[in-house]
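Asks: As they're listed, the protein sequences go chains A and B.
Position one of the first sequence corresponds to residue 14 (our numbering), numbered consecutively onward.
Position one of the second sequence corresponds to residue 14 (our numbering), numbered consecutively onward.
Note that the Cβ used here is the ideal one computed from N, Cα and C, for glycine as well.
Number of protein chains: 2
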Amino acid sequence: METDLSALFDALAFDADGLIPAIAQQADTGEVLMMAWMNRDSLAETLATGHVCYWSRSRKSLWRKGESSGQVQTLVALRPDCDGDTLLLLVNQKGVACHTGRRTCFYREWGKDGFTVLMDPEISEAELYGKKG
Amino acid sequence: METDLSALFDALAFDADGLIPAIAQQADTGEVLMMAWMNRDSLAETLATGHVCYWSRSRKSLWRKGESSGQVQTLVALRPDCDGDTLLLLVNQKGVACHTGRRTCFYREWGKDGFTVLMDPEISEAELYGKKG
């Protein structure tokens with residue numbers, strides 16, 4: 014039996030483009046991995062499959078995270094915020110979340126002396142996107 | 014000497030309204046507390062004072078977090094994401110982040126049986142906003 018999503022959608026405030034920001038956090042470590050956008054279709058697919066699917070604003074299409082790189086996100090829990098305009102996704106991230114090959118997209122820190130890079134890539138972009146299939 | 018913010022601003026992709034989403038995460042525990050928006054002015058003020066200041070889209074004004082409730086956020090680190098269109102703020106949250114009196118705004122979880130509330134308020138909204146000054 015499919016879960017009725019109307020109560021969820023009613024509780025969410027999608028923006029004028031039908032989108033809502035979604036923060037992906039590694040469930041066990043608490044590491045914030047990335048932020049991307051969802052629409053109703055991508056959220057419904059995520060809940061149906063258990064694999065996180067975003068909406069790509071640049072490509073204007075569903076973005077099944079890891080589809081080309083293999084670095085999928087499995088959904089552990091879905092937590093909307095108090096006013097329903099942001100989603101927190103607790104996930105299990107396979108490999109790396111960032112297209113640069115780093116574990117998280119938030120790998121740079123701004124300080125008095127400019128940017129510091131906090132971590133190296135774990136895998137090259139060529140390996141991530143070039144050698145599959 | 015003031016830090017020149019032009020290198021930071023150049024690395025960020027503010028949206029058409031001059032805004033960028035900012036995720037606040039408790040620095041030591043990794044708890045994701047809230048997501049709000051910043052513009053250049055609120056970000057500059059945050060870096061200058063060390064207290065997190067957002068941009069309120071509803072009030073169209075600077076939103077000095079905790080100004081009315083006392084529940085301030087002290088900035089520990091600022092980490093823009095790979096493409097510069099989201100900020101991760103590591104903070105020390107005094108008291109609670111959520112206007113409902115809960116520690117985090119992400120206090121509800123969606124599951125097969127609908128929403129589950131994960132935590133109770135630590136302080137009432139009346140205490141948060143009514144009794145100050």
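Tell me which same chain residues have a C-beta within less than 7 Å of the C-beta of PHE22 (chain B), skipping the five on either side of it?
Replies: Contacts found: ARG53.
Asks: At what residue ranges does the segment 57 to 98 of chain B contain a whole run of the beta strand (DSSP E), taking only runs of 3 or more?
Replies: The qualifying runs are 66 to 69, 74 to 77 and 86 to 93.
Asks: Output yes if chain B places a C-beta closer than 8 Å to the C-beta of ILE36 (chain A); else output no.
Replies: yes
Asks: So, with DSSP's three-state summary, where would you put ARG116 (chain A)?
Replies: Three-state result, ARG116 (chain A): coil.
Asks: Cα separation between CYS95 (chain B) and TYR120 (chain A)?
Replies: One C-alpha to the other measures close to 7 Å.
Asks: Is it buried or exposed, LYS78 (chain A), if we count other Cβ atoms within 10 angstroms and call 16 or more buried?
Replies: buried
Asks: Count the other CB atoms within 10 Å of the CB of ALA20 (chain B); is the residue buried (16 or more) or exposed (fewer)?
Replies: exposed
Asks: Which one of B:ALA139, B:THR62, B:ILE136 and B:PHE128 has the shortest CA to CA distance from ASP17 (chain A)?
Replies: It is B:PHE128 whose Cα lies nearest to the Cα of ASP17 (chain A).
Asks: Does the segment 54 to 62 of chain A come into contact with the segment 74 to 92 of chain A, if we say contact requires no fewer than three beta-carbon pairs (one atom in each stretch) closer than 8 Å?
Replies: yes
Asks: Rounded to a whole number of angstroms, what is the C-alpha to C-alpha distance between ASP126 (chain B) and THR99 (chain A)?
Replies: Cα to Cα, the separation comes out at about 21 Å.
Asks: Under the three-state reduction of DSSP, which class applies to LEU21 (chain B): helix, strand or coil?
Replies: In the three-state reduction of the DSSP assignment, LEU21 (chain B) falls in the helix class.
Asks: Taking LEU141 (chain A) as part of the alpha helix (DSSP H), name the residues at either end of that continuous run.
Replies: 138 to 142
Asks: Do you know how far the Cα of GLU135 (chain A) is from the Cα of VAL109 (chain A)?
Replies: Cα to Cα, the separation comes out at about 8 Å.
Asks: Can you name the start and end residues of the beta strand (DSSP E) that ALA35 (chain B) belongs to?
Replies: 33 to 39
Asks: Might you give, ordered along the chain, the residues of its own chain that have their beta carbon closer than 6 Å to the beta carbon of LYS107 (chain A), omitting 5 neighbours on each side?
Replies: These residues qualify, in order along the chain: GLN84 and VAL85.
Asks: Going by beta carbon distance, what residues of the same chain come within less than 7 Å of VAL130 (chain A), once the five residues before and after it are set aside?
Replies: TYR120 and ARG121
Asks: Of the choices B:HIS112, B:GLU44, B:PRO34 and B:VAL104, whose alpha-carbon is the least far from that of GLU138 (chain B)?
Replies: When the alpha-carbon of GLU138 (chain B) is set against those of B:HIS112, B:GLU44, B:PRO34 and B:VAL104, the nearest one is in B:HIS112.
Asks: CA-CA distance, LYS73 (chain B) and TYR142 (chain A)?
Replies: 42 Å
Asks: Starting from VAL109 (chain A), trace the beta strand (DSSP E) in both directions and tell me its first and last residue.
Replies: First-last for VAL109 (chain A): undefined, no H or E at that position.
Asks: When burial is assigned at 16 or more other CB atoms within 10 Å of the CB, is GLY114 (chain B) buried or exposed?
Replies: buried
Asks: Would a check of beta-carbon distances place MET48 (chain A) closer than 8 Å to chain B?
Replies: yes
Asks: Can a CB atom of chain A be found closer than 8 Å to the CB of PHE22 (chain B)?
Replies: no
Asks: When the cut-off is 8 Å and only beta carbons count, does ARG116 (chain B) lie next to chain A?
Replies: no
Asks: Would LEU102 (chain B) and ALA26 (chain B) be called neighbours here (beta carbons separated by less than 8 Å)?
Replies: no
Asks: Does any C-beta atom of chain B lie closer than 8 Å to the C-beta of PRO134 (chain A)?
Replies: no
Asks: To the nearest angstrom, how far is it from the Cα of TRP123 (chain B) to the Cα of LEU46 (chain A)?
Replies: 21 Å
Asks: Per DSSP, which residues does MET132 (chain A) bridge with? Please list them.
Replies: In the DSSP output, where bridge partners are listed per residue, MET132 (chain A) has none listed.
Asks: Can you tell me where the beta strand (DSSP E) with ALA49 (chain B) in it begins and where it stops?
Replies: 45 to 51
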